[in-house]
Structures are given as structure tokens and as C-alpha cells.
Amino acid sequence: MESESAVGRTLRRQQRRNYQDTSQDDEIEGKRTFSLEEKLANPVFEADSFVQMLDGNEFSLKYVQSNGFKTPILFKSTEGLDMKIPDAEFTVTDVKNFVGARRLVDVIDVNTQQPLELTLQNWVKYFTNPEREKIYNVISLEFSHTKLQDLVESPLVVRQIDWVDTVWPRNLIEEQRDSTNSMADMKYPKVKKYCLMSVGGCYTDFHIDFGGTSVWYHLMKGKKIFWLIPPTERNLQQYERWVLSGKQQDFFFGDQVEKCSRVTLVSGDTFLIPTGWIHAVYTPDDSLVFGGNFIHSYSISEQIRISQIEDNTKVPQKFRYPFYAEMMWYVAEKYVRLLTRDREERVKMGKPLTKRKKLAAKGKGKVKKEPKEEKENTEQTADSVQRRSSRVPKVPARRLQDGISSDDEPQPKRKRKGKMSTKQENSGVNGKSEAKSEINGKMPEKPEVNGKAREGSTEESEKPWELVYLTERELSGLRELIERLRTWPQAQKNIPESIENPEEVLKQLEELLDLHEDDDQELAVSGVQALFQIDPPPPTPKSPRPKAGVMMSKVGTKVGPGVRRRRTRCGQCEACTREDCGECRTCKDMKKFGGPGRMKQSCTKRACTQPNLPTCVRCIECNKLGEEENQLMECRLCAEIVHPSCIDAQPDTFRVVPDINNCWECPKCFSGQEESNDESPKQKSKKRKIKHEDSSKSAKRGTASRQPSESEESDEEVLEDSEDNESLPADSTTGTQSTRRRRDPPKHAPSPPPPPTEVSPKYVIRPGPIDPPSETLELEGGVEHVLRRSTWLHVFGFLSQEELCLCMRVCRTFNRWAMDKHFWSVIDMSRKPVTPLSLEGIVRRQPTTLNLSWTNVSCKQLLWLLDRLPRLRELYLSGTTEATVSALQHVNCPRIQVLGLSWSTGITDSLLRDLISPPAPSETRVGAEDSKGRLNDLCTLYLTGNDVTGNTLRLLAQYCPSLRKIDLSYCPKIYDEDVEVLVRPNVTSRNDSVTCKDCVTEILLSGCGKLTDACLVSLNRWPYLQRLDLRSCHKVSRSEIEKFVERRKEQLKIIDEKLVVAAS
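In the numbering used here, the protein residues as written are 846 to 1909.
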């Protein structure tokens, strides 16, 4: 009995819950339950090694064409890779200085896997602090179009095969201006240059790089440990199930597969990971890494497979390869151009592919001789090109940096003036050695924006065409790409505007690939990027700001004529120590004062009076930082920053500018003349203004008086601005450069106003005015206009909404009259930018119909808008995303009767289920009953081009009893049984006697390729059908539709092939 009671007491024991615990659920969620230390010490992961060790000289484009890129490659040295990286002294602080301290970066909490945002300045403070409470990781800082991009360059082979360099339109890349990764401002996939900064202890769980991209990875500092899993079909399926399980923190995926390898990287290593490899990363020590992602033509099949996995696992668009569908279309169009040109050139040479194909059909013995002959002819053509190289224009030197080499082994980097060796001649026209030998020659004209050479150039006319041979990987990959583009849902195809006939492009590519089916693989391994023959390689992108010496600071403080440099605050003057005023224009823009936060500027009253040079600048002579004993000096004329001791500056050969710290006129710019500073700045400015007025008057009288020069005018404007803003730039007078003394503040200067104690919004947006508008229009002198308000409203009725907005500016009365609700019942904002001002205008006008299709409206903006539109009945959101549509789940949704979601991205059954089904019982807002859905009054629903299935139709039949019209055109997942769902009685509905078929009168099913004649049997049970659209449904016959119309009681007729409408 004692044992039984003891057991019973043991079973009844429960651990008391600590209700005093202050930890949140989101902090606990995501923590690992397996031991990472055990996985680091487990020798099982060292048994199999998938990594291939190579030298940089062994890795070339010819290597990729011959062997493919299937296994990870490790380089212990960057020699031979033709890549550019900063020196070993480069630190995280330098990253902040080159990219910008205010740049926001995505940071991941390693313990909880929760994302957050930090500025680079705050990140550097955390990274350099040895005492860290949490472990953060930065793995997605893309720094293209910043000053750091000039210091980092990917390996040569990556630049030769990356689709961004070989396929993407050059004009779109050159239009890119923003350095951030905002999709709204992105013109091309900005994934080429990443900076990864990880502290010791960071761990990134198993993942596949987005879009199936390959990765190049150079470890500057620290140490990294990789777990690698090959992308076999079994492993990929198991990885997909592991991701969908939601238990990644409970299981180490490396234990779930057959083979998993561990590799350790140290400082100076360069690592290349191919497409689809599943890998996890651990950081034992603080590390700094430069890398990038790229997709190419030698792993197209694997890249498409990874894209399908992302679709199945519902990866958000933010974490996918940007412009993935557009890139696929550009690849197809580029290969069509290349192979079409190659076919024309072959006809000119007398070697058409059609003849070669006929010979192959007759016998294989004759075909074997042809590749040898073509190979010999190719070598002879290359030799002839080298012989007449004196007549061919030289290749630009910038092409050398972008990578159009075909050599297996790089040649020594020295100038060659003599005859080229045989090895150099065999490297082809695009060889690196030839480009090097032609740097000192005459350069050709710069190509146009689209990358093509100018018409009439000698390079285009004399350079022979290199015959194109496709590798087996390219052929199979391009065929899968064609199939992928054809089977993609219409809403996800994202066909570029430059491709007018996409189906014709795919058809042409398919025909051209058939001609290259039997290409000789020995000739295909040429080491030459054929895509560069129609569009030359991209030039090296220029830094967004010019550089002076080693580092050029940002635009900012005026230090001299034509020179503007951003300086840092001194932190000691009165302006630096005060707080924001809250009244100036920049303060009102700050978010903490209720503004939108777009200007990103400091308070105008906090302009530093003694700005210093940035701490990151170096001397252009010795490349060292400034010290207290040996300070750096910046020339106000040439902007060079040097130590005076480095150039042996004598006291009489330069002049120090007293107005700005660390500023002088260097010995080579100092003219030796100095002006007196007895006069005050206001007297100088007034004197110069009088002189300028006198000179202008004398010029009008016809005298030969000299006008002020541009430098004098610009300096005068700077002086006037400096007096208003209390800044201290240099002064200049007629003919000579001089400085003025710093203006001291007045002795009894009023103290700056303190910031407001309570921050409130700038103004409140409310519906139209309550007071009735005036019935008459009052003119000057108190006289009333002869026309009354009713007459004016009748006149306004003939104006468009744009013209009404102009009338509202005339006077206050017109403003009130033009705001009449009858003029603004319908507001169309489609394909127009949505700004805060436009949202305020919409709320003031209170429309009943609002069209926001194909706009940039966000979820937050839509939430704000719908809360303030109680009269809204029709809402159109075509061409938006699932994030925007999700706003309808979290708002006091008005009684919407018409909802348009056509051609939107991410509109699936799960999203529509949350939107249509009733709210949770815990909600207490009006209309949150269990039996009534959010869209209970919905009459018309447009779902054209979305991935909806029969599950959505079941919800519509259950919770939308008032539905009259539904548009399911071009929904690829609609089947015959799904149409029957709308007809079948619903026992769970609120009113069992009424089904969806008793209400719906119009159903549009055009483009639903899965429908057959069987769907007409279900549609025949609809009693009140007035419109049925089955156009482009190829499996539905015209004869069956005619029988369907004859069986109907009401009068129906067929128009436009398969469109059935009511006869009346």
C-alpha cells in the first residue's frame, strides 16, 4: 500500500507555475532544445567531406563550363581569383564610415530568431562592446551604391556568369540610385555585395539561399564553421517537411539526413557554395565577412527546384530573390537574341545548323569530322584576329575589371609591348591577356546605355563572331525554364514591359534550342561568355560620390569654393549641447514630433558652429589617421587632407583658415595674399552688394564695367546663407580668396525655447465640415454674387475631379461647395502614387467607391483609411499584395458590397479564410457575432488570376449569402467539383433553405484550364443565371454550351464563342 500511495503521490505532483516570471512568450519562442556544443564536437560530421580545395588559377569559366558548379569550393588564398577586398586592418567601424552611420540594418536575435532594426552606429557600439547581454547577428547588409562598393569586388568567374551582369538590362542598373534594399526603389536584384557581421556564439540554422542562388564568401576576420548537406532530391524533400513542421528548434537537421559534413573557415579563406546546398553556420569568434549571391546558366534546373520549395513553404516575398520572374524572362529574351544572331552568322559563314542536323540524320561518321573542321576554322579565325590586331580598336581597360577573360591561368600583370605569345593568342578575342596588352593603346568610344557598341564603330565591324555552342547543362536548364514560365500562374509571371509577345519568345527559344541539341561539348567549353557578344560586360559601377585622396567625406559643411564635405559635430558648442526645438521645419518632420520622418535632418538650431573632420579620414601621403600632436589639415580649395609635416609645409607657404577647424590653404593653392579682417562680415557683405549694384548699373549704361565672377556670386550666396543659419563658411571678395573672423554670439542672447512637454499630432483628420455651407458667394465690398449655391453646384457637376480641385483653391466658399459628397462618391486612385496628403483628401471627401488598384498603398495606410470611411461600399485592390489585403482582417470593416482582388500577389485560401470567416468570439467590436462573417453584405467579388481553390468557394457559400457576382477568371486551381460546391446546399449556413446558387446570377470562369464539360451539369442547376463566361476554357466544347443553353428555361444566347448572357 505504501508503494502504491507513493506512486500515486508521484503522479499527482505538479510543478508550480511561476506567475511572477516577467519573461515574455516571444522571448521563449524559438530557443534551441538541442546542444550545439555536442554537434561541434561530434566526429560523425567529419567523416565525409564534400568540399573541393582549389587554387585561384585553377578556377575559371572554362572549369565551370566543363565540370559545372556542383560541389563547394574552398580557396585558401585570393591569388588568381581576380577579386578585390579591403586590407586586413578593415574593421566594423570602417563599414559604418563607408556605408553611413544612419543606415538601418536587419538584425537577428540568435536565441529567439526574432528580427529587429538597428542603425549601423548602434550596431557598431554593440559589436565593439565586450559585455553583451544578447547575441545579435547581421547577415543582410547589401552595400551596393555606397562608398564601400569600390573596395569589394566578387571573383572574376562570378562576374562572368552572374545573370545580373550578363542578362539584366543595363539601363535599369544605371538608373539605380538608392543604396538601401527597398523594393519600391530597386531597379535590379541588389544581391551582389553583402557584408556579414557576427559576434561570437552566433548560429544560423539550416537553410537554402534564396532563389537557389550560389554564394561567394570571403572571411576577413574571425572564424566560421559550416555544416553542409548535398541537395539530393531526398534531402530536399526532407528539408521541406522539416521547415513545414515548425519544429526547427527541436531537431538538428544534420542528424535527419544520411550525410552531413562540417568544414571550418579561418581568416583569409574564400568559400563558394553552389545552388541548393543546405547549410548551417556557427561563429565561434567575432567575424567580418564579405560575400554575394548570384544565379547563372549552369544550374537552372536546381534554381527552379529551390524556387518551387520556396512556394511550397510560403517564404515571404521579402526573403526571396528580388525580380525572380522578371530575371527568367530576361534570360529567355537574351538567349533568343544570342542564338538568333548566331544562326544568322552561321548562314553568312556557310555553316547553318540545319545542314549539320541533316548530316547527323544520314550517318554519324560524317558528323564527327565537322566539329574538328569547325574547331580548326575557329582557331584560324582567332589567329587572323591577332595578326591584324593593329587595325582593330583596343578593348577598353575597364573591361579588364569586369571579367571577359577566357584564360585558364592568369598571366602576370605587366605591360607587354612585343608580340603576343601562342598561349595568349589561343585565349580568344575576349581574353584577359589581350585586354591587358591593349590598355596603352587607343581606346574605343564608350558604348551606349544599353551596352551595344555605337553604330559605325570599327570594333563592331571588324571583330569576328564567335560561334555559340551550348553545354548540356545550359540546354536542359533552358528547357526547364521554358516550362516553368509557361506553367507559372498569371499573377506571378511578372512579364517585363519590354517583352511585348512573351509566348513568341518562348516559342523561338524552343526552336533555337532544338537546333543546338547536338552541339559539340568540346567546343562548348570555350572559356568565353557568349552572352557578352551581343551586350558587352557591364562597366565598373562608379561610387555615388567623388573621392579625394583615400576617402572623401559626404556632402555637408561648406569649406571652400565648390567644395562641400560632411563634418562631424564637436559636441561642445552651445548648438550641439541643446535639444531639438520642436518648432523648425526639420523638427516637425521628425516622428517624435508627429511628422512622417522623411527628411532625416537634424534641428536647424542645432547646427554645429565648430565642426571637425571625421575620425575616419586619412592622410593621402602616409595613409595614417590624425593625432593630437600631428593633426590633419584640409585644403579649402583642392579638398586634399594631409599632415603638414608630410609635405614639409613652411610657415610662409600656407594660411590657416580660422573660421573652420583643421582647415587651411595648402602650399600649392596659397596665393600669398592675405586680406585684412578688420571689417565685420556684415560690412563686407554690404560693401560687396553695393559694388555689385554699381557694376550692374554701369553695365546698363553701356560702360565697360566688369561683372562679378561666378565664384564671387557663389561665395556671396554662401555668406548670406551663413548669416541666416549661423554657420561659418569661408568668405571671398573680388579677385582673391580670404577668410573672415568667427562671429561671436550676442552677449544677451535669448535662451532657446524648451521642447514641448506633450507631443501631439500636427492636426486631426475629420470628415467634412459640420456647419452648412453658405448659400451665396460674397464678392469684394460685401456684394453677393447673382448666382446661388444650387446654380454653382450644377456648374461644378460638369467639371472633372482634377478641375474641382483647382476650383477649391479660388476661395473658401468654393472650397466648401466643391466638397459636396455628390462630386466625390467615386474616387479613382488606380496607378497613382498614394501619399499622406492624398489619404487625407480621401477621408475629407468620404467616397462610397474607392479604387486603389495597382498602387503602392501599404497595410498600415489601408488600416488608417478604412477606419475613417464609414460610407464606403465598393473597394478595389487589384494588383496589390497579401500584406495590404490582410488589413481587412484587423479593421472595423465597413459594409463593403463590392471587393476587387484581381491579379494580386499571395491571395490564397488561407488569407481569404481569415478574411471571410467570422471573427474570433473574443472580439467585442460591433458585428463580431459568430454566425456573421466580415463580408456578410458582399455582393460582388473579383478574384481574377489568384491561386484560390474550392475551399474558398465553400466559405463564400457559407458566409456570403448576398453574393450575386463572382469572377474566377484565370484561376488555375478551379476544377469541376469546385463549381459544384456553390450549388450544393450548405447545412452549416445561417439559413439552410438558401444556397449560393439561389443568389449568384453572374459567374465568370474564363481562362480556367481545368474545367471540362462536366461543369455544365452543375451550372445547369443554377436557377437565376444571367451571365456565364467560359472563354479560353479549352476543355469545354462549344457544342455542350449550346446544349446547355437549350436546356435552360430562361432565354439565353451565346456571344463571342463561349460567353452566355441573358437574351434581354
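Using N, Cα and C, we set each Cβ at its ideal position, and we do this for glycine too. These figures come from a predicted structure and were not determined experimentally.
Query raised in the report: Going by the CB atoms, is the gap between Thr1857 and Lys1888 shorter than 8 Å?
Result: Counted from its first residue, the sequence shown places residue 1888 at position 1043. Counted from its first residue, the sequence shown places residue 1857 at position 1012. No; because the gap between Cβ atoms is not below 8 Å, this pair is not in contact.
Query raised in the report: Taking C-beta to C-beta, are Ser1698 and Tyr1721 nearer than 8 Å?
Result: Counting from one through the sequence shown, the residue named residue 1698 turns up at place 853. Counting from one through the sequence shown, the residue named residue 1721 turns up at place 876. Yes.
Report task. Let me know the secondary structure DSSP gives Gly1718 once reduced to three states. Result -> The residue labelled residue 1718 in the question sits at position 873 within the sequence shown. According to the sequence shown, residue 1718 is Arg rather than Gly. Looking at Arg1718 - three-state DSSP - the assignment turns out to be coil, as it is neither helix nor strand.
Report task. Let me know the secondary structure DSSP gives Ile1123 once reduced to three states. Result -> The residue you call residue 1123 lines up with position 278 of the sequence shown. The answer is strand: DSSP assigns Ile1123 an E or B state.
Query raised in the report: Nearest CA to the CA of Met898: which residue from Leu919, Ala886 and Leu1326?
Result: Numbered from its first residue, the sequence shown carries residue 898 at position 53. Of the candidates Leu919, Ala886 and Leu1326, the one whose C-alpha sits nearest the C-alpha of Met898 is Leu919.
Requested in this report: Rounded to whole angstroms, what's the CA-CA distance from Leu1849 to Val1862? Just pull it up for me.
Outcome: For this step, residue 1849 is matched to residue 1004 along the sequence shown. For this step, residue 1862 is matched to residue 1017 along the sequence shown. When only Cα atoms are considered, Leu1849 and Val1862 end up about 16 Å apart.
**Report entry** Host beta strand (DSSP E) of His1063 (start-end)
**Finding:** Taking the first residue of the sequence shown as position 1, residue 1063 is located at position 218. In the DSSP annotation of this structure, the continuous segment of the beta strand (DSSP E) that includes His1063 starts and ends at Ser1059 to Ile1074.
Query - Residue(s) in a DSSP beta bridge with Ser1132 - result: For the purposes of this step, residue 1132 is taken as the residue at position 287 of the sequence shown. As a beta-bridge residue in DSSP terms, Ser1132 pairs with Ser1043.
Query raised in the report: Rounded C-beta distance between Leu826 and Arg1331? I'm assuming under 8 Å.
Result: Because the chain spans 846 through 1909 in this model, residue 826 falls outside it and cannot be assessed.
Query raised in the report: What is the rounded straight-line gap between the Cα of Pro1681 and the Cα of Thr1636?
Result: As a position in the sequence shown, residue 1681 is number 836, starting the count at 1. As a position in the sequence shown, residue 1636 is number 791, starting the count at 1. The alpha-carbon atoms of Pro1681 and Thr1636 are separated by roughly 33 Å.
**Report entry** Residue burial classification, Phe1164 (beta-carbon count within 10 angstroms, cutoff 16)
**Finding:** Stepping through the sequence shown from its first residue, residue 1164 is reached at position 319. In the assembly as shown, Phe1164 is an exposed residue. Its beta-carbon has fewer than 16 other beta-carbons within 10 Å.
Query raised in the report: For Val955 versus Tyr981, is the C-beta spacing smaller than 8 Å?
Result: Looking up residue 955 in the sequence shown gives position 110. Looking up residue 981 in the sequence shown gives position 136. Less than 8 Å separates the beta-carbon of Val955 from that of Tyr981.
Report task. State the DSSP-derived secondary structure class of Pro960, mapped to helix, strand or coil. Result -> For the purposes of this step, residue 960 is identified with residue 115 of the sequence shown, where counting begins at 1. Of the three classes helix, strand and coil, the one that applies to Pro960 here is strand, per DSSP.
Query - Candidates Gly1439, Cys1483, Ala1177 and Glu1424: closest to Ile1340 by CA position - result: Stepping through the sequence shown from its first residue, residue 1340 is reached at position 495. Taking the Cα of Ile1340 as reference, the smallest distance to any Cα among Gly1439, Cys1483, Ala1177 and Glu1424 is reached at Ala1177.
Requested in this report: Please report how far the alpha carbon of Gly1852 lies from the alpha carbon of Pro1692, in whole angstroms.
Outcome: Your numbering for residue 1852 matches position 1007 in the sequence shown. Your numbering for residue 1692 matches position 847 in the sequence shown. The alpha-carbon separation between Gly1852 and Pro1692 amounts to approximately 33 Å.
Report task. Kindly identify the DSSP beta-bridge partner or partners of Thr1694. Result -> As a first step, residue 1694 is located in the sequence shown; it is residue number 849 there, counting from the start. Beta-bridge pairing by DSSP links Thr1694 to Val1671 and Glu1719.
Report task. May I have a chain-ordered list of the beta strand (DSSP E) segments no shorter than 3 residues that lie completely inside the region 979 to 1037? Result -> Complete beta strand (DSSP E) runs here, min 3: 981 to 987.
Query raised in the report: Is DSSP giving Glu934 helix, strand or coil here?
Result: The residue labelled residue 934 in the question sits at position 89 within the sequence shown. Glu934: coil per DSSP, three-state reduction.
Report task. Could you spell out the range, first to last residue, of the alpha helix (DSSP H) harbouring Val952? Result -> One-based indexing of the sequence shown puts residue 952 at position 107. Taken as a continuous stretch (DSSP letters only), Val952 belongs to no alpha helix (DSSP H), being part of the beta strand (DSSP E) at Leu949 to Asp954.
Report task. Rank Cys1105, Arg1324 and Asn1696 by C-alpha distance to the C-alpha of Ser1144 and give the top, closest one. Result -> Locating residue 1144 in the sequence shown gives position 299, counting from the first residue. Of Cys1105, Arg1324 and Asn1696, the residue nearest in Cα terms is Arg1324.
Query raised in the report: Is any beta-carbon of chain B found at less than 8 Å from that of Gly1099?
Result: Reference to chain B is not applicable here, since this structure consists of a single protein chain.
Query raised in the report: When we look at the beta-carbon of Gln1646 and count the other beta-carbons within 10 Å, is it buried (16 or more) or exposed?
Result: Position 801 of the sequence shown, counted from the start, is the residue given in the question as residue 1646. So Gln1646 counts as exposed.
Query - Nearest neighbour of Lys1759, chosen from Leu1786, Ser1747 and Ser1731 [CA to CA] - result: The count along the sequence shown starts at 1 and reaches residue 1759 at position 914. The sequence shown places Asp at residue 1759, rather than the Lys named in the question. Per the C-alpha coordinates, the member of Leu1786, Ser1747 and Ser1731 positioned closest to Asp1759 is Ser1731.
Query - Bridge partner(s) assigned by DSSP for His1052 - result: As a working mapping, residue 1052 is identified with position 207 in the sequence shown. Its beta-bridge partners are His1124.
Report task. Ignore the nearest five residues each way along the sequence and tell me which others in Gln1101's own chain have a CB closer than 7 Å to its CB. Result -> For the purposes of this step, residue 1101 is identified with residue 256 of the sequence shown, where counting begins at 1. Excluding its 5 nearest sequence neighbours in each direction, Gln1101 has C-beta neighbours in its own chain below 7 Å: Gln1083 and Trp1087, listed in chain order.
Report task. Quick one: give me the first and last residue of the alpha helix (DSSP H) that Ser1635 is part of. Result -> Position 790 of the sequence shown, counting from 1, holds the residue named residue 1635. Per DSSP, Ser1635 belongs to the alpha helix (DSSP H) from Arg1634 to Phe1641.
Query raised in the report: According to the Cβ coordinates, are Leu1808 and Leu1786 closer than 8 Å?
Result: Mapped onto the sequence shown, residue 1808 falls at position 963. Mapped onto the sequence shown, residue 1786 falls at position 941. In this structure, Leu1808 sits near Leu1786, with a CB-CB distance shorter than 8 Å.
Query raised in the report: Alpha carbon to alpha carbon, how far is Glu1085 from Cys1483?
Result: Counted from its first residue, the sequence shown places residue 1085 at position 240. Counted from its first residue, the sequence shown places residue 1483 at position 638. Approximately 60 Å between the Cα atoms of the pair.
Requested in this report: Alpha carbon to alpha carbon, how far is Ala933 from Pro1764? Give it in angstroms, no decimals.
Outcome: If you number the sequence shown from 1, residue 1764 lands on position 919. If you number the sequence shown from 1, residue 933 lands on position 88. Pro1764 and Ala933: Cα-Cα distance of roughly 58 Å.
**Report entry** Classification of Phe1643 by the beta-carbon crowding that lies within 10 angstroms, buried from 16 upward
**Finding:** For the purposes of this step, residue 1643 is taken as residue 798 along the sequence shown, with counting starting at 1. Residue environment for Phe1643: exposed (fewer than 16 other C-beta atoms within 10 angstroms of its C-beta).
Requested in this report: Leaving aside the five residues before and after Ile1074 along the sequence, list all residues of the same chain whose C-beta is less than 6 Å from its C-beta, in chain order.
Outcome: Mapped onto the sequence shown, residue 1074 falls at position 229. Residues Asn1080, Val1102, Cys1105 and Ile1123 of the same chain have their beta carbon placed closer than 6 Å to that of Ile1074, with the five preceding and five following residues left out of the count.
Query - Simplified DSSP assignment, three categories, for Ser1863 - result: For the purposes of this step, residue 1863 is taken as the residue at position 1018 of the sequence shown. Ser1863 carries a helical assignment under DSSP once its states are collapsed to helix, strand and coil.
Query raised in the report: Rounded to the nearest angstrom, how far is the Cβ of Val1906 from that of Arg1883, given a contact under 8 Å?
Result: The count along the sequence shown starts at 1 and reaches residue 1906 at position 1061. The count along the sequence shown starts at 1 and reaches residue 1883 at position 1038. The pair is not a contact, with the Cβ atoms about 16 Å apart (cut-off 8 Å).
Query raised in the report: What are the start and end residues of the alpha helix (DSSP H) that includes Thr1729?
Result: On the sequence shown, residue 1729 is found 884 positions in, with the first residue counted as 1. Run containing Thr1729: Glu1727 to Val1730, per the alpha helix (DSSP H) assignment.
Query raised in the report: When burial is assigned at 16 or more other CB atoms within 10 Å of the CB, is Phe914 buried or exposed?
Result: The sequence position of residue 914 within the sequence shown is 69, counting from 1. Around the beta carbon of Phe914, 16 or more other beta carbons lie within 10 angstroms, which makes this residue buried.
Requested in this report: Label Gln994 either buried or exposed according to how many other C-beta atoms from any shown protein chain fall within 10 Å of its C-beta, with 16 as the threshold for buried.
Outcome: Locating residue 994 in the sequence shown gives position 149, counting from the first residue. That one is buried.
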